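Shown next, in structure tokens, is the structure this report addresses.
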Ligand code: PBG
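Here is the structure:
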């Protein structure tokens, strides 16, 4: 028999073959759009380090949510950018706070048209920028923070969130939020656990997006990028505590973790393609160094292939449109 006996190229010979044998393909329903709402903004404000992403006004946020429904996206994840900050992040639990109001307004706009999710974390609301409240010596106080997370979860559910996303990496956060939701009669409010969240340099542009007050870092609560086994522990704990979905974040530098999590999880797995991942591709493309559209598709495809059932990405709407238009 003539050499070579195996010819994998046969299945790559034209687009029809390639389409037939593609193992993963993108669908709008698995894309989740993260959005920012800025208290007091008269116009949407461009985020310099994330070209194409804005801090929304209430009206522009509603329009973005309506578009997400029209495109058939899976969900929208709302982050609040308050005008005032304080040590306890009290805007987070205030029903009139920017995030809780935005949840209510998005929910009234979309109804059951998509899953309305909210960031459950204090960093946007505190004057020191940490994800929790501080002890007198300035350390992040895990258990005191949990009490506030519990109230925040209930406030968000009351505002209309279908799913809350605790992203602060406090120990026990999923259990405490689950219990508080249940006790308040919100058994149906789901929890998307930021289960394996790493302390990453790639969050840089997000800090501009939320007007972050942080000086220092989050290394005492977010995970060390060196650790893989520890992610399994974090995910197992969140599953035990009642997480409905588990997430890995960031995505692209952590595809090995995502693969491992997809193997052990018995609930759906999500991944967050974060601000720095977005900014790198946009910046390289703006310089003409890579093909923007192809890089976007490849990056999200790689996250799906690694094991994510759904992906939070700032390109969700644009990508959703491309898919819908059959590009
Ligand atoms: C914390 C939070 C962060 C992000 C999402 N939730 C910032 C952080 O942990 O420092 C980052 C998202 C991104 O970079 O796109 N509330």
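In the numbering used here, the protein residues as written are 87 to 413. All residues carry an ideal CB built from backbone N, CA and C; glycine is no exception. Computed from a predicted model, the values in this text were never measured in an experiment.
- In summary, residue 183 is buried, with 16 or more beta-carbon neighbours lying within 10 Å of its beta-carbon over all protein chains present.
- Between residue 206 and residue 252, the CB-CB gap stays under 8 Å.
- DSSP, read as helix, strand or coil, puts residue 168 in coil.
- Per DSSP, residue 101 is not a residue of any beta strand (DSSP E); the alpha helix (DSSP H) it occupies stretches across 101-107.
- Segment contact: the stretch 285-296 against the stretch 127-141, three or more CB-CB distances shorter than 8 Å; contact assigned.
- Taking C-beta atoms as the reference points, residue 188 and residue 215 fail to come closer than 8 Å.
- In this structure, the alpha-carbon of residue 270 lies about 13 Å from that of residue 246.
- For residue 217, same chain residues with a beta-carbon under 6 Å away, outside a window of 5 residues either side, are 207, 208, 209, 254 in chain order.
- For residue 211, the shortest C-beta to heavy atom distance toward ligand 1 is 7 Å or greater.
- Where residue 358 is concerned, the enclosing beta strand (DSSP E) starts and stops at 355-359.
- Looking at the DSSP output, residue 348 shares a beta bridge with no other residue.
- Within a 10 Å sphere around the beta-carbon of residue 347 sit 16 or more other beta-carbons, which makes this residue buried.
- DSSP links residue 251 through a beta bridge to 205.
- Runs of the beta strand (DSSP E) lying entirely within the stretch 104-168, each at least 3 residues long, are 117-124, 140-142, 161-167 in chain order.
- The criterion of a C-beta distance shorter than 8 Å is not satisfied by residue 288 and residue 356.
- In the assembly as shown, residue 359 is a buried residue. Its beta-carbon has 16 or more other beta-carbons within 10 Å.
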